[in-house]
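Enquirer:
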Amino acid sequence: MQYRALGKTGIRLSALGFGAMRLPIRGKESEIDESAAIGMMRYAFDQGVNYVDTAYVYHGGNSETVVGKALAGGYREKVSVATKLPLWSVNSLDDCERFLGEQLGRLATDHIDFYLLHCVQKKNWGKMQSLGVLEWAEKARAAGRIGHIGFSFHDTFEVFKEVVDDYDWEFCQLQYNYVNESVQAGTAGVQYAAGKGLGVIVMEPLFGGTLANPPAPIRKIWDSVSPQCDPVDTALQWLWNKPEVSLVLSGMSTLEQVRQNIASAGRCGVGSMRPQVLDVVARAQREYERLSPIPCTRCGYCMPCPHGVDIPVNFELYNNVSVFQGNSVGLCRNLYMMLPEGQRASACIDCGTCEEQCPQHIMVSDMLPKVAGAFK
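Each residue of the sequence shown is one higher than the last, beginning at 114 in the working numbering.
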């Protein structure tokens with residue numbers, strides 16, 4: 114296993130982290146196959162993975178409990194645990210206390226090594242500041258109940274910069290992969306955070322697993338190079354190739370996935386990807402763009418919408434669903450619903466202002482209702 118420093122903390126963490134959002138289940142999402150999940154996590158820990166990430170809401174609230182069980186028997190001393198405060202349910206500092214108390218109990222531990230504000234967005238950031246949530250977190254840290262303070266993020270790069278600059282964070286967690294370089298905080302956010310000394314933890318490296326099973330035109334690109342260009346390994350190596358990335362989280366559901374990802378992590382290194390492989394990734398990026406039904410380049414000329422719709426983000430999510438399908442449908446719908454209601458495609462009133470500005474001549478007013486319909 115390879116290890117990297119988490120930004121200015123200097124803490125050495127495994128390049129691969131175990132994401133506990135997609136544990137094996139027995140039917141319902143909340144019914145975790147505990148034996149299989151614990152076996153997978155302990156196998157990863159025995160191979161050198163020293164970071165596990167969960168959250169209050171994962172698997173209907175059961176993920177933290179199963180992670181706690183996996184960390185029993187001496188593993189807690191070897192592995193750092195991260196979990197998150199569900200901001201959408203926080204209306205007072207008493208809520209913060211209640212959630213943290215429950216999480217410590219579920220995880221069967223007296224402290225949480227890495228504590229994140231979960232899903233920071235513009236619509237909740239101001240509220241968290243006015244409530245004094247960060248001051249509360251600092252007191253919890255001083256009391257030894259949490260270690261390092263960070264945040265996970267789902268919003269624009271502009272909002273990301275504001276959040277980073279508003280507090281002396283130690284780390285952040287971002288959705289990032291080679292087809293999402295301009296989505297949410299994106300590459301610009303990864304570089305900005307690292308430049309400020311934050312540890313950068315990547316989530317959704319395979320975009321909800323969809324990059325593991327590319328459509329036929331993309332599969333031809335991988336196959337045209339060599340058997341070494343496995344889609345999963347290449348997507349992970351693309352991230353580890355970047356010096357700004359501290360750790361890549363993978364939400365693994367089978368022991369075979371754990372084994373494959375650990376083997377991939379053992380080969381990783383900053384600047385280690387061959388130019389030929391980087392070229393293949395660039396070709397795949399261009400092909401994904403070509404396959405997108407809406408030829409939006411995210412130039413932003415259509416913005417600002419006079420009625421508040423975030424047109425580029427809506428088109429990006431629709432394109433992702435159309436190209437990737439499968440697991441991306443649920444993921445993109447969640448991201449769509451995270452948008453403030455006024456920014457969703459459903460808020461379009463067909464004024465046509467954007468169409469006058471679009472250099473791609475997209476019939477925006479015709480497409481936005483299709484986007485809204487796709488995410489009902």
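Built from N, CA and C at the ideal position, the CB exists for glycine as well. In this text, all values refer to a predicted model and were calculated from it rather than measured experimentally.
1. Let me know the secondary structure DSSP gives I145 once reduced to three states.
2. Hey, out of H267, D336, R125 and A329, whose CA is closest to E317's CA?
3. Pick from V358, H224, I262 and I151: whose alpha carbon is nearest that of R117?
4. To the nearest angstrom, how far is the alpha carbon of S148 from that of G245?
5. Should the segment 293-302 be regarded as contacting the segment 230-250, the criterion being three or more beta carbon pairs within less than 8 Å?
6. Less than 6 Å between C-beta atoms, sequence neighbours within five positions excluded: which residues of the same chain meet that for E468?
7. Hey, S366 and P137 are a contact pair by Cβ (cut 8 Å); roughly how many whole angstroms apart?
8. In this structure, does DSSP put P419 in helix, strand or coil?
9. If the criterion is Cβ atoms closer than 8 Å, does the pair L311 and G123 meet it?
10. What residue range does the beta strand (DSSP E) around P199 cover?
11. Taking M316 as part of the beta strand (DSSP E), name the residues at either end of that continuous run.
12. Looking only at its own chain, which residues have a Cβ that is under 6 Å from the Cβ of N427, when we skip the five neighbours before and after it?
13. Report the residue ranges of all alpha helix (DSSP H) runs contained in full by the segment 427-459; include only those spanning at least 4 residues, in chain order.
14. Let me check one thing: in DSSP terms, what residues is A118 bridge-paired to?
15. Quick check on T167: buried or exposed, where buried means 16 or more other Cβ atoms within 10 Å of its Cβ?
16. I believe A65 touches R155 by the beta-carbon criterion, under 8 Å. Please report the beta-carbon distance rounded to the nearest angstrom.
17. In whole angstroms, what is the alpha-carbon distance linking H172 and E142?
18. Using the rule of at least 16 other Cβ atoms within 10 Å of the residue's Cβ for burial, across every protein chain shown, is N204 buried or exposed?
19. With a threshold of 7 Å (Cβ to nearest heavy atom), would N237 be considered close to the ligand GTP?
20. Buried or exposed: where does Q389 fall if 16 or more other Cβ atoms within 10 Å of its Cβ makes it buried?
21. Relative to the C-alpha of P327, which residue among N175, D146 and Q398 is closest?
22. Is L220 near G181, with beta carbons less than 8 Å apart?
23. So which of P417, L319, V393 and P406 has the shortest CA-CA distance to N374?
24. Express the C-alpha separation of F284 and V313 in angstroms, rounding to a whole number.
25. Could you give the C-beta distance for V422 and A460, rounded to a whole number, given that I count them as a contact under 8 Å?
26. From the DSSP secondary-structure annotation, give me the bridge partner or partners of G263.
27. Evaluate the contact criterion for the segment 252-267 versus the segment 328-338: three or more CB pairs, one atom per stretch, below 8 Å.
28. Alpha helix (DSSP H) containing L217: first to last residue?
29. Over what stretch of residues does the beta strand (DSSP E) that includes S363 continue unbroken?
30. Where does I462 land, buried or exposed, given buried means 16+ other C-beta within 10 angstroms?
31. Looking at the strands, I want to know which residues DSSP matches up with G132.
32. Less than 8 Å between the CB atoms is what I'm expecting for A378 and A128, so what's the real figure, rounded?
33. For the putative contact between V272 and Q234, defined by C-beta atoms under 8 Å, what is the C-beta separation to the nearest angstrom?
34. Terminal residues of the continuous alpha helix (DSSP H) containing Q242?
35. So, are the CB atoms of L217 and R189 less than 8 Å apart?
36. CA-CA distance, W351 and M386?
Expert: With the structure as the only source:
1. Secondary structure of I145 (DSSP, three-state): strand.
2. If we check each option's Cα against that of E317, H267 comes out closest.
3. Distances from the alpha-carbon of R117 to those of V358, H224, I262 and I151 put V358 closest.
4. Roughly 40 Å between the two C-alpha positions.
5. With a cut-off of 8 Å, the segment 230-250 and the segment 293-302 do not count as touching, because too few Cβ pairs lie within range.
6. Taken in chain order, the residues that qualify are V477.
7. With a contact defined as Cβ atoms closer than 8 Å, S366 and P137 qualify at about 5 Å.
8. Of the three classes helix, strand and coil, the one that applies to P419 here is coil, per DSSP.
9. Taking 8 Å as the Cβ cut-off, L311 and G123 do not qualify as a contacting pair.
10. Element bounds for P199: S193 to P199.
11. Start and end: G312 to M316.
12. Here the set comprises A458 and V484.
13. Contiguous alpha helix (DSSP H) elements confined to the segment 427-459 occur at 441-451, taking only those with 4 or more residues.
14. BP columns for A118 point to R125.
15. In this structure T167 is buried. Its beta-carbon is surrounded by 16 or more other beta-carbon atoms within 10 angstroms.
16. Residue coverage of the chain in this structure runs from 114 to 489, which leaves residue 65 outside it and unanswerable.
17. For H172 and E142, the gap between their C-alpha atoms comes out near 6 Å.
18. Counting Cβ neighbours within 10 Å, N204 comes out exposed, since fewer than 16 surround it.
19. Within the structure as shown, the ligand GTP is missing, as the structure has no ligands at all.
20. It is exposed - the Cβ of Q389 has fewer than 16 other Cβ atoms within 10 Å.
21. For the options N175, D146 and Q398, the alpha carbon positioned closest to that of P327 is the one of Q398.
22. Yes, the Cβ-Cβ distance between L220 and G181 is below 8 Å.
23. Considering only alpha carbons, the answer is L319.
24. Taking C-alpha positions only, V313 is separated from F284 by approximately 6 Å.
25. Rounded, the Cβ-Cβ distance is 5 Å, consistent with contact.
26. BP columns for G263 point to L229 and F284.
27. Not touching, per the Cβ criterion.
28. First-last of the alpha helix (DSSP H) with L217: L206 to L220.
29. Residues L360 to S363.
30. Exposed is the label assigned to I462, since fewer than 16 other Cβ atoms lie within 10 Å of its Cβ.
31. According to DSSP, which records beta bridges pairwise, G132 is partnered with D166.
32. Indeed, because the Cβ distance is near 5 Å, the residues count as touching under 8 Å.
33. Contact between V272 and Q234 holds: their C-beta atoms lie close to 7 Å from each other, under 8 Å.
34. Residues K235 to L244.
35. Between L217 and R189, the C-beta spacing is not below 8 Å.
36. Answer to the nearest angstrom: the Cα atoms are 7 Å apart.
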